[in-house]
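Numbering (our numbering), first residue to last: 1 to 165.
(1) Nearest by alpha-carbon distance to residue 31: which of 154, 12, 100 and 20 is it?
(2) What did DSSP end up calling residue 129 once you bin it into helix, strand or coil?
(3) To the nearest angstrom, report how far apart residue 16 and residue 68 are at their CA atoms.
(4) If you draw a straight line from the alpha carbon of residue 151 to that of residue 136, how long is it in whole angstroms?
(5) Residues in its own chain within less than 6 Å of residue 101 by CB, not counting five upstream and five downstream?
(6) Thinking residue 200 and residue 112 are a contact (beta carbons under 8 Å), I'd like their distance in whole angstroms, please.
(7) According to DSSP, simplified to helix, strand and coil, what is residue 59?
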């Protein structure tokens, strides 16, 4: 079972604001009532430890705070090429091991991957310009960050952890 609740945005698109379900593999719809889904609301999957994979449609431009908080079994996430913004704490305390960020994403906000104990590798898209402080705080297994030379990386992004970059 997968049930989503939606809220209209000012521009006529919709945000997904609530999820109820027990599926391992979740697929977020790309539209509701004929209008596109552009925002994944705060805490959407928070505490859903049964989730192993999430597919987000290419209509989504923003993913909110604490969306995957506590999704300890989350191993695979398909981020949309249209993604422009992550809000703080998006992936906090989830089980993701590796993630590839899309080219339109410009910044990684503070605490985006905080306490992702299994996170080992992040591949940044071509458009990334800045990685803020504490993005990878508490990521005990983190080993590799792949990014362009022009990306500004806060010296506090890794909490003094030595990495392959």
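Cβ coordinates follow ideal geometry from the N, Cα and C atoms, glycine included.
Quick look at the numbers:
(1) By one-based count along the chain shown, residue 31 stands at place 31. Ranking the options by Cα distance to residue 31, first place goes to 12.
(2) By one-based count along the chain shown, residue 129 stands at place 129. The answer is coil: DSSP assigns residue 129 none of H, G, I, E or B.
(3) For the purposes of this step, residue 16 is taken as the residue at position 16 of the chain shown. For the purposes of this step, residue 68 is taken as the residue at position 68 of the chain shown. Straight-line Cα distance between these residues: approximately 14 Å.
(4) Along the chain shown, read from residue 1 onward, the residue named residue 151 stands at position 151. Along the chain shown, read from residue 1 onward, the residue named residue 136 stands at position 136. When rounded, the distance between both Cα atoms is 16 Å.
(5) Locating residue 101 in the chain shown gives position 101, counting from the first residue. The residues 124 and 125, in chain order, have a CB closer than 6 Å to that of residue 101 in the same chain once the five nearest residues on each side in sequence are set aside.
(6) Residue 200 is absent from the structure shown; the chain starts at 1 and stops at 165.
(7) Sequence index remark: in the chain shown, residue 59 carries index 59 (1-based). Coil at residue 59, not helix or strand.
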